[in-house]
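Whatever position you read off the sequence shown (first residue = 1), add 10 for our numbering. Just so it is clear, CB atoms sit at the ideal spot from N, CA and C, and this is done for glycine as well. Only a predicted model underlies this, so the values are computations on that prediction, with no experimental measurement involved. Notes to accompany the following structure.
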Amino acid sequence: MKTELLVKKATYLRIQAAELAEGIKSGNFQSLYRGQGIEFTGVRDYIRGDDVRSIDWNVTARMGKPFVKMFVEEREFQIFLIVDSSLSMKLDTKSCRRTKFESAEEAAALVTIAAELNGCPIGAVFFDGAIYFSCKPALSKENTMNILNNLYRTPKGATKGSSLGNAIEYACNLLRMRSLVFVLSDFRSAEWETPMTAIAHKNDVIAINIHDFIDEELPSLGTVVFEDVESGIKMDLPSSSEKFKKEWRRYNQKKTERWQDFCYKHGILPVTMDTKSEPLQVLNSIFTRKARTR
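And the structure:
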């Protein structure tokens, strides 16, 4: 995207992101981390009035007198984006006004600007069949524009496939402190579960599964030739067959349920977003939901 167009887009998104930033500032965002951003720094002699729950019993037994643990609160929170721009995300099914990637693109841009407005460092990894952009979390207008510029540019000769697992592993290596990680994808690739488990072990992860109308309901168009944009495999689908359409719905429903079960099992917040939804509303609902459940 040309610089002048990017500036105009960023200005428009900044107006929208202000609402998201207010939700973050109100305390919902901080509540995600409350009780988790504490770092152990050592022990000291017990002083009358100290909370007995902070006594380090191992050191106390070894030294023969009471010692308490000391902690320092980590005040800087980081946000990290993992955005899928593989071919399946860019497939235009004509079922609504935007593709899955365009939905991910706008959501990621809003989070990026909201992070800057709240003074939160933000980093990112963007990928298709390979990682084509990455940056460590940083806080500056230059960093914001760098992320937006790479988010809105189309890589030349997009690589087939999806490197979701590799992108998550790469993000793990970039993150040096606990972060709020957004994963925006249709989760159609294979072998992402193990890296996802690893990143969720040390971070708060919000997985946003973006889907299109056709993922749930096939239009009745007779026998259509379907081509998997990732693998290139072609097959004839009887889209007007009620039996086939029922199996299609059941398959995709089961797939979503398995994804949700995986997320809940590993402490990941699963969020579904269809391409007809407004990304800003979906993002705002995330923090509202987290605030209600605490």
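Roughly how many angstroms separate the alpha carbons of residue i and residue j, rounded to a whole number?
| i | j | result |
| --- | --- | --- |
| Phe297 | Asp61 | 32 angstroms |
| Ala117 | Trp67 | 48 angstroms |
| Ser150 | Glu126 | 7 angstroms |
| Ala71 | Arg198 | 54 angstroms |
| Phe137 | Asp102 | 19 angstroms |
| Thr21 | Asn128 | 16 angstroms |
| Lys212 | Cys130 | 18 angstroms |
| Asn153 | Val78 | 41 angstroms |
| Val292 | Lys18 | 23 angstroms |
| Arg163 | Ser98 | 17 angstroms |
| Thr285 | Val53 | 53 angstroms |
| Leu30 | Leu290 | 7 angstroms |
| Arg268 | Ala200 | 14 angstroms |
| Ser287 | Asn294 | 12 angstroms |
| Phe254 | Ile132 | 44 angstroms |
| Thr204 | Pro280 | 16 angstroms |
| Ala208 | Ser96 | 22 angstroms |
| Asn262 | Val69 | 55 angstroms |
| Asn176 | Met73 | 48 angstroms |
| Thr307 | Arg58 | Residue 307 lies beyond the range of the chain shown here (11 to 304); nothing can be said about it. |
| Cys145 | Ile65 | 41 angstroms |
| Phe192 | Met283 | 13 angstroms |
Is residue j closer than 8 angstroms to residue i when the C-beta atoms are compared?
| i | j | result |
| --- | --- | --- |
| Ala119 | Leu174 | no |
| Glu115 | Leu161 | yes |
| Ile92 | Ile25 | no |
| Glu226 | Arg259 | yes |
| Asp214 | Asp94 | no |
Quick test of your reading: residue i and residue j, contact by CB under 8 angstroms. State the CB separation rounded to the nearest angstrom.
| i | j | result |
| --- | --- | --- |
| Ile278 | Ala217 | 5 angstroms |
| Ile8 | Leu194 | Nothing about residue 8 can be reported from this structure: the residues present for the chain run from 11 to 304 only. |
| Ala134 | Phe90 | 7 angstroms |
| Phe272 | Leu190 | In fact, because the Cβ distance is near 19 angstroms, the residues do not count as touching under 8 angstroms. |
For a cutoff of 8 angstroms on Cβ pairs, would you count residue i as touching chain B?
| i | result |
| --- | --- |
| Asp61 | In the displayed structure, chain B is absent; only one protein chain is listed. |
Looking at C-beta atoms only, is the number of pairs between the segment 106-122 and the segment 216-225 that lie closer than 8 angstroms three or more? yes
Suppose only complete runs of 3+ residues qualify. What are the beta strand (DSSP E) ranges in the segment 53-82, listed by chain order? none
My parser needs the beta strand (DSSP E) runs of 3 or more residues fully inside the segment 261-298; what are they? 279-284
Minimum length 3: unbroken beta strand (DSSP E) runs contained in the segment 134-212: 141-148, 189-195
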